[in-house]
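One structure is given here, and the rest of the page talks about it.
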Amino acid sequence: MSATTRRRGTHSSREILGGVLLTAAVGGVLLAVFAELGETLTAVLIMAALCTVGAVALAAVRLRERRPVIDRTARFLAGPRDVAPLTTSGAAATAERLGARARNPGVFIGRSVRRNRELWGSWEDMHMDIWGPRTGKTAARAIPAAVSAPGALVVTSNKRDIVDATRGLREKRGPVWVFDPQNQAGEQPTWWWNPLSFVGDNIVKGVMLASFFSGINRQSHARSDAYFEPAAQELFGALLLAASLDGQPVTRALTWLHRPSDDTPVRILRAHGHDRVAEGAELVITAPGPQRAGVFGTAVQMASPLAAPDVTRWVTPGSGPRRPEFRHADFANRDDGTIYLLSEETNRAAAPLILTLTSALAYSLEGRAILSPGGRLPVPAVFVLDEAANVCPWHELPFLYSHYGSRGIVMMTILQSWAQGVAVWGEHGMASMWSAANVRVYGGGAADTRFLGDLAQASPRFEPRTRSVTTRLATPFSGSLTMSSREEQVLDTADLGAMPRGRALVQVSGAPPTLVRTVPWWQGPHAEEIKESLAAYAPGPRRTG
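For the sequence shown, my numbering puts the final residue at 545, and the numbers step up evenly by one.
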């Protein structure tokens, strides 16, 4: 435990209580003296004043005792000038400079423990959050960010709670879609989306879509085959392109993979001028038996999610009544749409499609931003990527973090641990994304001492004072008092590991970290609307009338 959490500011509780007792003793002596002199009224007044001082001191001690221990560090962290850009006025000034059309000055973070000021991330800031299990990340970060998004909103999650809490509010602003291929929220596929609309006639997009399947289905600890996996990914991408060019559903690529001798996709590719791609696919189809079997077998494993009917009915038109098709380009061209993308945490059959749709939306919004004045969206778009490592393991994300803020595309990636991010992006990629994020939030609950140690090292240093008193028994009232100090971190690993729910450590670019008091949605400005949304959509008895 650091010295800042062992002490309470400049004086410890023991010192304050000692002072109260000393005050009482002095008061007793004065009372006796004035009483002896016949000044009873004066003695009573002095004693009353001393009692008042003592009561106030004791009340202050008790108030401090009720606050979390880590709050003692707040005054040694970022000062008022450091957090000025995050305050309501500071964020509003940034929004005005950016020309962002939004009701709020930015994405709400919390209230500073020091001075209790509202803190906001601006409309060009990227957010990276690490919150351990059951620390309040959804209530204090994901839901407030979603309900206050001024424009397009994209949410990923493995649970329905954020959908139920925010859907009612978002429906008042514009159209809402819930992509629920694994029945996380009980939604029916009343609409569908075509992943091949992301591919179009572009082989690069076809291979990218194939890479989403291969990267997710490979175990984090498994090594890819140096030949078969790249070849299979390229083949799968070529077949996806062929299906797109021919107006076929995405499942047709899996059908072709089960027919290694079928040259239909080769003929389609040639008919549309993709001769090089056709040649590459033909080389695999005509390869020797073991080589062809290895490539096709690996590609079939990649494409296996396309065999799940519960999943594919969300991404194919089907044979039943005609359903409306969701078009990601249309979504990106408006400023009031909301889409929730839900997937299971363990069964990742839908994850490639969640990732593809998330990417398609982001790239479409980026394209619109490039053509907009100043190269940024006039109304900022918000991506709340809750459980990103499990639901949306987007390998390109570290690169996007470096420039999406300047496009008016604000992303909040929420993880449960540093290791979870490393499993997806690698140590270098995770460190790169953490560094590129303008707002980095640790909400407690982590047990990774290396990560906690890095956070502690980023805190300022200070010199706690220590007192050493020596006395001589043989000589009353003699001795010496020695004052000394030593430099140490304001926070240490133990402080951060024990940080209670309701507190978060926030790092912003170019400033020392600050301690914030998190604000769950029921303490925020949209509490009543969220309650109404929950009453309408959460499982259980529904409100009538």
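All residues carry an ideal CB built from backbone N, CA and C; glycine is no exception.
CA-to-CA distance, residue j to residue i, given in whole angstroms
i, j, result
"P380", "I162", "20 Å"
"A222", "F451", "Because the pLDDT at A222 is just 48, under 50, the model does not fix this residue reliably, and the value given afterwards should be weighed accordingly. So the two alpha carbons sit approximately 24 Å from each other."
"D105", "P230", "As written in the sequence, residue 105 is Pro, which differs from the Asp given in the question. Taking the straight line joining both Cα atoms gives about 46 Å."
"R368", "D335", "11 Å"
"Q149", "D263", "Correcting the residue identity first, residue 149 is Ala in this sequence and not Gln. Using only the alpha carbons, I get a separation of about 48 Å."
"A278", "N183", "38 Å"
"A511", "V490", "15 Å"
"V284", "P305", "23 Å"
"I414", "E282", "43 Å"
"S319", "A308", "16 Å"
"V204", "G273", "15 Å"
"G375", "M411", "17 Å"
"D454", "R167", "38 Å"
"P249", "S214", "19 Å"
"I268", "W192", "25 Å"
"M499", "D448", "13 Å"
"A139", "A152", "20 Å"
"E427", "P321", "48 Å"
"V315", "N390", "20 Å"
"A303", "A538", "34 Å"
"E325", "V266", "28 Å"
"G200", "E387", "29 Å"
"P378", "W123", "11 Å"
"L400", "S435", "13 Å"
"V382", "E366", "12 Å"
"P195", "R313", "12 Å"
"R8", "S509", "Caution applies to R8, whose pLDDT of 41 falls short of 50 and renders its modelled position unreliable; the model cannot decide the point."
"T88", "F108", "9 Å"
"M128", "G405", "13 Å"
"T338", "I143", "13 Å"
"L371", "A456", "43 Å"
"H403", "A253", "34 Å"
"L549", "R103", "Any answer about residue 549 is impossible in this case: the structure gives the chain only from 1 up to 545."
Span of the alpha helix (DSSP H), counted from its first residue to its last, around residue i
i, result
"Y340", "Here Y340 belongs to no alpha helix (DSSP H); instead the beta strand (DSSP E) covers T338 to L342."
"W191", "No alpha helix (DSSP H) holds W191; DSSP gives it neither H nor E."
"W418", "W418 to A436"
"D386", "First-last for D386: A381 to D386, but that is the beta strand (DSSP E), not the alpha helix (DSSP H)."
"L239", "F228 to L245"
"V490", "Element bounds for V490: n/a, residue is neither H nor E."
"V69", "First-last for V69: undefined, no H or E at that position."
"A93", "T88 to L98"
"V300", "G289 to M302"
"W256", "T251 to L257"
"R103", "Neither: R103 is in no alpha helix (DSSP H) and is coded neither H nor E."
"P305", "P305 -> no alpha helix (DSSP H), and no H or E assigned at all."
"R376", "Where R376 is concerned, there is no enclosing alpha helix (DSSP H), given that its DSSP letter is neither H nor E."
"A271", "T264 to A271"
Coarse secondary structure for residue i, derived from DSSP in three states
i, result
"P539", "coil"
"Q507", "strand"
"T316", "coil"
"D125", "coil"
"R440", "strand"
"D161", "helix"
"E528", "helix"
"E325", "strand"
"M208", "helix"
"V176", "strand"
"R461", "strand"
"L397", "helix"
"T156", "strand"
Start-to-end residues for the beta strand (DSSP E) that takes in residue i
i, result
"L361", "Per DSSP, L361 belongs to no beta strand (DSSP E); it is in the alpha helix (DSSP H), A351 to I370."
"G121", "E118 to G121"
"S112", "V107 to S112"
"L515", "T514 to R517"
"V284", "First-last for V284: D275 to I285, but that is the alpha helix (DSSP H), not the beta strand (DSSP E)."
"M412", "I409 to L415"
"V147", "Taken as a continuous stretch (DSSP letters only), V147 belongs to no beta strand (DSSP E), being part of the alpha helix (DSSP H) at I143 to V147."
Short CB-CB distance (under 9 Å) between residue i and chain C
i, result
"E96", "Absent here is chain C; the protein component of the structure consists of one chain."
Notebook entry, point to check: Are the stretch 112 to 123 and the stretch 418 to 425 in contact at 8 Å, needing three or more beta carbon pairs?
Noted result: Contact fails: fewer than three Cβ-Cβ distances are below 8 Å.
Margin query: Whether or not the stretch 86 to 96 and the stretch 518 to 526 are in contact is what I'm after, with contact meaning three or more pairs of Cβ atoms, one per stretch, closer than 8 Å; do they touch?
Written below: no
Notebook entry, point to check: When the Cβ atoms of the stretch 154 to 170 are set against those of the stretch 432 to 450, are three or more pairs found closer than 8 Å?
Noted result: The stretch 154 to 170, when compared against the stretch 432 to 450, does not touch it at the 8 Å Cβ threshold.
Check: Touching or not, the stretch 68 to 88 and the stretch 495 to 511, by the rule of three or more beta carbon pairs under 8 Å?
Finding: Three or more beta-carbon pairs separated by less than 8 Å link the stretch 68 to 88 to the stretch 495 to 511, which places the two stretches in contact.
Notebook entry, point to check: How do the stretch 284 to 297 and the stretch 324 to 334 stand: do at least 3 beta-carbon pairs fall below 8 Å, yes or no?
Noted result: Counting C-beta pairs with one atom in each stretch, the stretch 284 to 297 and the stretch 324 to 334 have fewer than three that are closer than 8 Å, which means they do not touch.
Notebook entry, point to check: Is the stretch 360 to 374 touching the stretch 172 to 191, taking contact as three or more C-beta pairs under 8 Å?
Noted result: no
Notebook entry, point to check: Does the stretch 114 to 124 come close enough to the stretch 133 to 140 that 3 or more CB-CB pairs lie under 8 Å?
Noted result: no
Notebook entry, point to check: Touch check for the stretch 291 to 305 and the stretch 234 to 250: three-plus C-beta pairs under 8 Å?
Noted result: Because the criterion of three Cβ pairs below 8 Å is met, the stretch 291 to 305 and the stretch 234 to 250 touch.
Margin query: When you compare the stretch 206 to 213 with the stretch 345 to 360, are there three or more beta-carbon pairs, one atom per stretch, that lie closer than 8 Å?
Written below: yes
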